[in-house]
Structures are given as C-alpha cells and as structure tokens.
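In my numbering, the protein residues as written are 450 to 1117.
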C-alpha cells in the first residue's frame, strides 16, 4: 500500500476556518464523518481528546498529528488540513500549528500490515523540513498528493540502496572482510508511542538521520501498531556505546543492563534527537541497572492501562503460552481415540504412545497458564510461584496433598489456575515493594533467596487453605451441571458461545467463548458435553472467514478488488479455524459484516447443540472432522460439516445482500 492510498482529495481542508484547537478538531472530525471515514462523530472526537489529554500531538515545527484507533472508524485514512495563520495547539515548542495530519485507524488495524506500513512511511517523511515547507505552500489537494508521491519515491529509492548496501556489507563480513561502519560508534534505541501510529516512526527516522549527520550509526527498534519491528540483536546491544529510549509505554528493558541509557518521551526523539545522541556520546547518560527496573515500572512515561485492560492483558499472556499445550496435547489425545476405535483398541502401542504424549502435554496446561499470568504481573520472580500454584490447582489429593479438604475428589482446575496466576503475580509485586528499601549490598539476595522462598511459602499456603477448597467445589459443580444439561439448555449455550466467536473475531468476547469451552474440555477431555462446546466454538469461529469467502466469490459486485483477493485465502483460513481472516472485512465495514457473522455463527452453533455434534479436540477446524465420529458415529462428521456450511451461507448471504454495490470510482 502506497501513501496515496491513505490520502484522498476528499479528506483535505486547504484552509481551516477554525481559529482554536477545539474548533479545529471538530472541523476535521466533521469531514471524517461526512466522507464516511468515521461512523460515530462523538465517539471519535472523544477518542481524539483522550489522546490529547495524555500528551499533545502538536509535535512542534508547525505540525500536529491528532490520531485515534477505535470501532467508530471505518477505514485507515490521513486527513490533511492547513491553517495559514496558524492555530495555538499547545504544541511542545509553543509555536502555532500550520499543518494537521489527522490519522484514523480501525479497531482491527494492528493486523493490517500494509496500512501500518504506509502510515509509518508518511510519518517518517514529515521529518524532512524541506517537504514541510513545500506542503505549507500548496494550494490544491493534488499538489499535496504529488509532493508525497515524489518524497515517497525518493525514500523508496534510498531504502533500496540501503538494503543493497546492507547485503554487500553482510556478504563482506561473511568473507571476513573489515567494514568502515565497524569503526563507527553505534547507538541503539527503542521508539514507541501509546497508539503506535505516527510518533513511533517519526522518532526512529529523526534519530537515524541525526546520527548520519554526525557520522554515528544509529539502530532503532520500533514498537508501533505492527508490534516490534527492526528488533535489536544481542550483538548490536553489546557493541553499542549507549541506548536511547524514546517511548511513552513500557518496553523490554532488562536486555540493556549495564549500558549508558537515556529515557525520554517519544516526542523528544522527534524534536531533540541531537541532544539525546550527545548525552550518550558525551558520557552524560547514567548506566542502567536492570534491578532498578521494578522501581521505575510505573513511571510517568509508561502506559497505564485501565484495571480491566490490565487483567485482560495478563490473562491473555497466560492463555497464549498455554495454547500450544492445549492444542498439541488435545489433538494427539483425540487422534489416539480414533486409533483406539479403529486401529487396535486400548492396548495398541500407537494408542498408548499418542494418548500418553497428549496427556503429558495436557498436564502442563494449567500450570503454564498460571505461571505466565503471574509472570506478566510480577515478572520473572513470579514464574515459579505461578507454576506451583497452577500445579496445585490441576491435581487432586493423592500422592501430594494439595487441599486442606483431604477428601476432595475434583481439582480446582482451570478457574483455580487463573486465580493462582493472579495471586502469585500480585504476591510478587507486594514482596518487591516490601524489599524495595533493602541495602544495595544485599540486592542480589532478593531474586536468589527472598522471592523464591517466600513466594513458594505464601502461594502454597493460599492454595492449600483457601483457593483449592473453594474452586474444587466450584469446578465440580460446573462439570456436573454441563454433563447433566438437557438439549434445550445445550442448544442455548452452544448458540451463545458460537455467536460470541464473531463479535470481535479474536478479541475479548471471542477469547472468552474459546476459554470457556477449552476450560470445560481441559477439566474433562472425555466429556461429551465438553466436546460439543468445542465443536460449537470452532463452527462459530469458522463462519466469518467462510462467509467472506462466499460473499467475495458469488457477489463480486459488493466487494472491492482487494477484498476479492483476500476472500480467496479465507477459504483455507476458514477450513483451519482461523477467524482472523475476516478481520479486514469487519474493520472496513463493521456495521454489515459483524452482525451478519454473529447471526451465521449462532445458527451454526445452534445446529451443533441440536444435533449433539462433538469434536474432542481444542483446535483444527474441519481438518479434525473425523474426530466428530468418535462422539456420535460417522454421521456426525457430516453434521459437523453441515453446521459449518449452513452457518457460513446464512452469514454470507445476509452480509452480501445487505452491502451496497462497490462504486466504480477508484477515489470513492
């Protein structure tokens, strides 16, 4: 995607009427609504102001870059606006703003690589003062686009030459030849802003350019809307004279232990790159010690998520580490059941091997979940208490007595593991605060002695006397309730779970449905009800990509050429239970795509419950369809396909009949 794809004449104001910041934001937002870039003006303006209240987007030099990413935005776009007289925007340099770039990105744009690339490139170009002056003199939207196209072509050529030079340099190094750059001083750094849309890349470009002027090699890692890019290598960090952190959110710091380091807001990377580099080169930077990271974790330059956002982030860290154990172990166990039924019975060596391998992986599921929830909260010292707490939650009293109720017949399970992870994490946060003021001479005793001993002692006591007695009872009650469900209640539950898979296609609702089903499956992999719930969430997750594939194949006039190409790959993604294939469609047209997919997924889920289709595997989509025969016989394989096909057709038809024909004008 080129810069011209996110710029459009219809999204330009060549002379703002506004004379103050509030009116300027309102005037630009009104145009975003009028051109259908934004579907909810009030929500959009609120998100713009939320960002401004964190720190002004008036970055200095007469430029402001207000930006937002949320569900009120239909597509990625950069609105360009000018003010000849200039507007007081509370800019960092105190000067009036003449050029405005209002950047919008849909809620799912983190995964839209091409849009992020174009936004990053545009942000980098605005470092060039020559381009900025020419933009101030433009009279028409066409002149603006032409200037950016020329600047982009020049930058692409420079990047191409730099890439070729890098290849030559690497080849020379492989042959043992010396390189001139090896004699240059090296500075490494990280740039990041809260939304990761513009400032991240502008700071990177500014620091690299300033380094070139001074004959210094500068390597910058970005933590933007695409995640971490240009990741620094251990060798680069080791060789570097110092580190520049220009960030408004938390970055991976322990790797810089022992290095001179300066830590500033991202805007200083844009406006003061020379000062930051001089601080490193002149020896003014303090040496960073990783042991001090905990004390500065909540510094003013660190992003502070809300309570629920923090809980979700920590939970997802545990689940993301747990999933390979669930998927690998669960599918091997499921395959072992096929071998048992059709290939030699329970004494077959193939069954014994596959079943044992699957069970071994599955045994780690809850401990890994708890450990990495804890690690997300309390860093590495919390990992061991989290593991032990999760292990205590996953076993019943037997060889080890893990519950004050010695007669307990059910483990605390998945829910107990989640509780163990959060308790272990916050327990470690408390221990760190308790020992924060110990003399520096015994600093090394904390991670090697105090944290592991006290962390283990407290988590074991809490799990033994409180968590396991409570959650083993809850877990038993939930398992009993699910296994005794009638058809009516089961259909209702499978309908809801499948519908939730399409609400945000990988977000909190989707994850909540999947975690509920996989948690039931983890508690009892042999449960028919758990297998039915797994089938429901897989059908619900397959419907969105299949629905978009159906729409783009049979209703071509309703979709752009780019969407039709994406629709082809969604046939495979749908078959593989990869819901994220539908995200670009949902981000571009959430009002039509998301409701259609929810209805189709709910229909598919209802059929799963009605027909009692069960798939005893936590992932795999239609690839694991033979496993449906393990639950209800060979016909249930067909029912699994039918539930998916019917739900996908319903969603695809609703979506495609609802959408308007695509306009032929390429600028529309």
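C-beta atoms are modelled at their ideal positions from N, C-alpha and C, and glycine is treated no differently. All values derive from a computational prediction rather than experimental measurement.
Could you have a look at residue i and say whether DSSP puts it in helix, strand or coil?
i            : result
residue 860  : coil
residue 744  : Bear in mind that the predicted position of residue 744 carries a pLDDT of just 43, short of 50, making it too unreliable to give a figure here.
residue 1097 : helix
residue 968  : helix
residue 837  : helix
residue 561  : Annotation note: pLDDT 45 at residue 561 (below 50); position unreliable, no value reported.
residue 543  : coil
residue 1014 : helix
residue 640  : strand
residue 775  : helix
residue 617  : helix
residue 713  : strand
residue 962  : helix
residue 751  : Any reading at residue 751 needs caution, since the residue's pLDDT is 40, under 50, leaving its predicted position unreliable; the model's value is listed next. Residue 751: coil per DSSP, three-state reduction.
residue 844  : coil
residue 467  : coil
residue 878  : helix
residue 953  : coil
residue 487  : strand
residue 655  : helix
residue 1105 : helix
residue 1066 : coil
residue 1025 : coil
residue 942  : helix
residue 1111 : coil
residue 788  : helix
residue 696  : strand
residue 635  : strand
residue 735  : strand
residue 885  : coil
How would you write the range of the alpha helix (DSSP H) that residue i sits in, first residue to last?
i            : result
residue 459  : No alpha helix (DSSP H) holds residue 459; DSSP gives it neither H nor E.
residue 509  : Unbroken run through residue 509 is the beta strand (DSSP E), 507-509; no alpha helix (DSSP H).
residue 1029 : Counting along the chain, residue 1029 falls outside any alpha helix (DSSP H), and DSSP gives it neither H nor E.
residue 1054 : 1039-1060
residue 585  : 578-585
residue 901  : 900-911
residue 1072 : Careful: residue 1072 lies outside any alpha helix (DSSP H) and carries neither H nor E.
residue 726  : 722-730
residue 396  : With the chain covering only 450 through 1117, there is no way to say anything about residue 396.
residue 495  : 490-503
residue 821  : 814-827
residue 1003 : 977-1003
Mind checking if residue i is an interface residue toward chain B, Cβ cutoff 8 Å exclusive?
i           : result
residue 762 : Given the protein chain composition of this structure (a single chain), no chain B is represented.
Would you mind reading off the limits of the beta strand (DSSP E) that contains residue i?
i           : result
residue 555 : 546-555
residue 526 : 526-536
residue 517 : 516-519
Using 8 Å for Cβ pairs, my map puts residue i next to residue j. What's the rounded Cβ distance?
i            : j            : result
residue 1045 : residue 996  : 7 Å
residue 1080 : residue 980  : 5 Å
residue 531  : residue 463  : 6 Å
residue 782  : residue 811  : 7 Å
residue 720  : residue 509  : 5 Å
residue 590  : residue 656  : Not a contact, Cβ separation roughly 32 Å.
residue 1100 : residue 1048 : 6 Å
residue 649  : residue 682  : The Cβ separation is near 20 Å, so there is no contact.
residue 688  : residue 635  : 5 Å
residue 736  : residue 707  : 7 Å
Hey, is residue i close to the ligand NAP, as in C-beta under 7 Å from one of its heavy atoms?
i           : result
residue 991 : The model depicted lacks the ligand NAP and carries no ligand whatsoever.
Inset, instruction - Go through the region 662-692 residue by residue and report every complete run of the beta strand (DSSP E) that reaches 3 residues or more, in order. - result: 666-673, 676-678
Inset, instruction - Evaluate the contact criterion for the region 982-994 versus the region 1052-1067: three or more CB pairs, one atom per stretch, below 8 Å. - result: yes
Legend entry - Touching by the beta-carbon criterion (3+ pairs, under 8 Å), the region 479-489 and the region 511-525: yes
Inset, instruction - Examine the Cβ distances between the region 813-822 and the region 866-876 and report whether three or more of them are shorter than 8 Å. - result: yes
Inset, instruction - Mind the definition here: the region 964-972 touches the region 1030-1042 only if three or more C-beta pairs lie below 8 Å; say whether that holds. - result: no
Inset, instruction - Evaluate contact between the region 785-795 and the region 803-817, counting only Cβ atoms and requiring at least three cross-stretch pairs below 8 Å. - result: yes
Legend entry - Inter-stretch contact (C-beta, 8 Å, three-pair minimum) for the region 913-920 and the region 1021-1034: no
Legend entry - Inter-stretch contact at 8 Å, needing at least 3 Cβ pairs: the region 534-552 / the region 610-621: no
Inset, instruction - Say whether the region 460-474 touches the region 571-591, bearing in mind that this needs 3 or more beta-carbon pairs closer than 8 Å, one atom from each stretch. - result: yes
Legend entry - Contact the region 1000-1014 vs the region 894-908: 3+ CB pairs below 8 Å: no
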